[in-house]
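Enquirer:
Protein chains: 2
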Amino acid sequence: MFFSIDADGDIPIYEQLVRQVKLAVADGILVGGQMLPSVRQLASELAINSNTIARAYQELQADHVVESLRGRGMVVRRDAVKRCTKARNSLVADGVRRALADAISGGMSIDELRELFEAELVRQSGNGKP
Amino acid sequence: MFFSIDADGDIPIYEQLVRQVKLAVADGILVGGQMLPSVRQLASELAINSNTIARAYQELQADHVVESLRGRGMVVRRDAVKRCTKARNSLVADGVRRALADAISGGMSIDELRELFEAELVRQSGNGKP
DNA sequence: TTCGGTGTACCCGTTATATGGTACACCGAT
DNA sequence: ATCGGTGTACCATATAACGGGTACACCGAA
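Here the protein sequences come in this chain order: A and B.
Here the first sequence is numbered in our numbering, starting from 1 and rising by one per residue.
Here the second sequence is numbered in our numbering, starting from 1001 and rising by one per residue.
1. Considering L1116(B), what are the terminal residues of the alpha helix (DSSP H) in which it resides?
2. Got a sec: which bits of the region 17 to 32 of chain A sit with their beta carbon under 7 angstroms from any beta carbon on chain B, in order along the chain?
3. Could you check what DSSP says for V96(A) in three-state terms: helix, strand or coil?
4. Considering Cα atoms alone, identify which of E1120(B), E1118(B), I1013(B), E1115(B) is closest to E1059(B).
5. Flag F1002(B) as yes if its beta-carbon sits less than 7 angstroms from any beta-carbon of chain A, otherwise no.
6. For a quick check, are the C-beta atoms of I1053(B) and V1039(B) less than 7 angstroms apart?
7. Inspect the CB distances between the region 1078 to 1097 of chain B and the region 74 to 92 of chain A and report whether three or more fall short of 8 angstroms.
8. On the DSSP bridge list, what partners appear for L69(A)?
9. Cα separation between V81(A) and R1123(B)?
10. Taking any Cβ of chain B, which residues in the region 104 to 128 of chain A have a Cβ under 8 angstroms from it, in chain order?
11. Look at D102(A) and L1091(B) and say whether their C-beta atoms are less than 7 angstroms apart.
12. Check the Cβ of R1055(B) against every Cβ in chain A and list those closer than 9 angstroms, keeping chain order.
13. Does chain A have any CB closer than 7 angstroms to the CB of A1007(B)?
14. Nearest to G1033(B) by CA position, among A1093(B), L1042(B), L1069(B), I1110(B), is which residue?
15. Can you tell which of L1030(B), F1003(B), A1062(B), A1026(B) has its C-alpha closest to the C-alpha of Q1041(B)?
16. Taking Cβ to Cβ, would you say L30(A) is nearer than 7 angstroms to A24(A)?
17. Kindly say whether L100(A), judged by its beta-carbon, lies nearer than 7 angstroms to any beta-carbon of chain B.
18. Please report the straight-line C-alpha distance between D6(A) and G1071(B), rounded to a whole angstrom.
19. How close, in whole Å, do the beta carbons of A26(A) and G1107(B) come, if the pair is a contact with beta carbons under 8 angstroms?
20. Give the residues from the region 75 to 94 of chain A that approach chain B closer than 9 angstroms (Cβ to any Cβ), ordered along the chain.
21. Using the Cα positions of S125(A) and D63(A), report the straight-line distance between them to the nearest angstrom.
Set out below in structure tokens:
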């Protein structure tokens, strides 16, 4: 599976997993009906304790992103795309909101801020015209 | 003083203080030579322990934003503006970078993202033409 | 000197994160 | 029925972050 975990970061591992799964569902990488890797497999793959994976899965289940098939595993719910897309929008909006608040509070000019945003946009999106 | 503290947030209080002081210096609200409120005064004002304030001040001192005059208090260094402006730029850039990474990783379209940014920009900067 | 104010160092309790280990109930395939 | 797989529920421990409390050394003014 395609999870990149930063164990030294300030964000809890289980939260990183939750976030990445939600973003993957929103992006279409994970589709409804698809199975998630088992807690033990993912734990051994990421060199992380099973309990941490289980906690992430429980949070995903509580957020109605994933369903627990007893004895089978975790499956992505069919109605999870809308939820995850909405969650992604809120997540991105919050990040933008916070960055803007800091910029304005720090006296950064609007033009400078817009320029920074556009520059980072091209840098990450390949160029801007895919 | 003009500090707004969110004690229930996921960001440590002392870090919030450090960030706000740096942004205030970058904005020009705090000027070189100006004294910061004493740890006890600010602590009682914000209903926060003195140690938390002291920790923020120590970090500011370590970052060469503020100087400790023994027995007198904390004073903003004259060369702190450049440092704080640079720190503000890095802070904002990091926030934008992270938000963009989430957005792209979640499959958000470039147009949708730019629209979200512009909307939030007008919302927070008054309108955009001050 | 004395006094009130300053930053600062130290100790401690609480909480969250993460790990490790064990055990249970369930399912599908053999 | 048996076996290996699954999620899940516990328990215990270690570590770090965070915040609160207390006491100390220092300074300037009275």
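Beta carbons: idealized from backbone N, C-alpha and C, even for Gly.
Expert: Looking at the coordinates:
1. The sequence position of residue 1116(B) within the second sequence is 116, counting from 1. Per DSSP, L1116(B) belongs to the alpha helix (DSSP H) from 1110 to 1124.
2. L23, A26, D27, G28
3. By one-based count along the first sequence, residue 96(A) stands at place 96. In this structure, V96(A) counts as helix in the three-state DSSP scheme.
4. Working through the second sequence from its first residue, we reach residue 1059(B) at position 59. That would be I1013(B), whose Cα lies nearest to the Cα of E1059(B).
5. On the second sequence, residue 1002(B) is found 2 positions in, with the first residue counted as 1. Answer no: the Cβ-Cβ gap between F1002(B) and chain A never drops below 7 angstroms.
6. Within the second sequence, residue 1053(B) is the residue found at index 53, counting from 1. Within the second sequence, residue 1039(B) is the residue found at index 39, counting from 1. Yes, the pair counts as a contact, with Cβ atoms nearer than the cut-off.
7. no
8. Taking the first sequence and counting its residues from 1, the one referred to as residue 69(A) is at position 69. Partner(s): G73(A).
9. Stepping through the first sequence from its first residue, residue 81(A) is reached at position 81. Stepping through the second sequence from its first residue, residue 1123(B) is reached at position 123. For V81(A) and R1123(B), the distance between alpha carbons rounds to 28 angstroms.
10. I104, S105, G106, G107, M108, I110, L113, R114, L116, F117, E120, L121, Q124, S125, G128
11. To locate residue 102(A), count along the first sequence from 1; it is residue 102. To locate residue 1091(B), count along the second sequence from 1; it is residue 91. Yes; because the gap between Cβ atoms is below 7 angstroms, this pair is in contact.
12. Here residue 1055(B) corresponds to residue number 55 of the second sequence, with the count starting at 1. The premise fails here: R1055(B) is roughly 16 angstroms from chain A at the closest Cβ pair, so nothing lies under 9 angstroms.
13. Numbered from 1 along the second sequence, position 7 holds the residue referred to as residue 1007(B). Not an interface residue.
14. Taking the second sequence and counting its residues from 1, one reaches residue 1033(B) at position 33. Nearest C-alpha to G1033(B): L1069(B).
15. The residue labelled residue 1041(B) in the question sits at position 41 within the second sequence. When only C-alpha atoms are compared, the closest one is F1003(B).
16. Looking up residue 30(A) in the first sequence gives position 30. Looking up residue 24(A) in the first sequence gives position 24. It is a contact, given that the beta carbons lie within the stated cut-off.
17. Translated into the one-based positions of the first sequence, residue 100(A) becomes position 100. Answer yes: the Cβ-Cβ gap between L100(A) and chain B drops below 7 angstroms somewhere.
18. Position 6 of the first sequence, counting from 1, holds the residue named residue 6(A). Position 71 of the second sequence, counting from 1, holds the residue named residue 1071(B). Straight-line Cα distance between these residues: approximately 43 angstroms.
19. The count along the first sequence starts at 1 and reaches residue 26(A) at position 26. The count along the second sequence starts at 1 and reaches residue 1107(B) at position 107. So it is a contact: roughly 6 angstroms between Cβ atoms.
20. C84, T85, A87, R88, N89, L91, V92, A93, D94
21. As a position in the first sequence, residue 125(A) is number 125, starting the count at 1. As a position in the first sequence, residue 63(A) is number 63, starting the count at 1. Whole-angstrom Cα-Cα distance: 29 angstroms.
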